[in-house]
Every structure is written in structure tokens, then in C-alpha cells.
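Residue numbers (the working numbering): 605 to 664.
Shown next, in the form of C-alpha cells:
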């Protein structure tokens with residue numbers, strides 16, 4: 605399975621991250637929904653555009 609397929613499986617239809625029960629085997633990416641900047645887990649506001657919508661993607 606390619607990276608894009610894994611990413612699509614990690615995010616539900618409404619755009620919210622799916623809760624993974626296998627967190628030990630997954631990498632997690634935090635990204636601004638507005639501009640796509642990758643941010644740290646603790647980031648509340650994107651440093652590039654100031655938006656507070658941070659997406660969480662679990663990549664298995």
C-alpha cells in the first residue's frame with residue numbers, strides 16, 4: 605500500500621483523524637490544514653499562516 609493510501613485510511617471522511625489502536629507502529633504527522641506546513645505536536649497555531657486548524661495524520 606502506498607503512502608497516499610495509508611494517509612487516506614488515517615483520516616475519516618469528515619477530515620478528522622482516525623483514532624489508531626496501533627500507535628506503536630505508526631508515525632504521526634501534524635500539519636496545518638490551511639497551508640500544509642508540517643508542525644510540532646504541541647503547536648496550536650501554524651507559524652506560517654496563523655491558522656489554528658492542525659490536522660493529525662497517523663501513517664502506519
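Heads up, the beta-carbon is just placed ideally off N, CA and C, and yes, glycines get one too.
This structure is a prediction, so every number in the text was calculated from the model and none was measured.
My assumption, with CB atoms under 8 Å, is that residue i sits in contact with residue j. Please give the rounded CB distance.
i           : j           : result
residue 659 : residue 639 : Not quite, the Cβ-Cβ distance comes to about 11 Å (not below 8 Å), so this is no contact.
In the DSSP assignment, the beta strand (DSSP E) including residue i goes from what residue to what residue?
i           : result
residue 635 : 631 to 636
residue 660 : 658 to 663
Tell me which same chain residues have a C-beta within less than 6 Å of the C-beta of residue i, skipping the five on either side of it?
i           : result
residue 635 : 642 and 659
Would a C-beta distance cut-off of 7 Å place residue i and residue j closer than the cut-off?
i           : j           : result
residue 637 : residue 664 : no
Short of 8 Å in beta carbon distance, which residues of its chain neighbour residue i, apart from the five on each side in sequence? Order them along the chain.
i           : result
residue 645 : 632 and 634
Quick one: is residue i buried, meaning 16 or more other Cβ sit within 10 Å of its Cβ, or exposed?
i           : result
residue 654 : exposed
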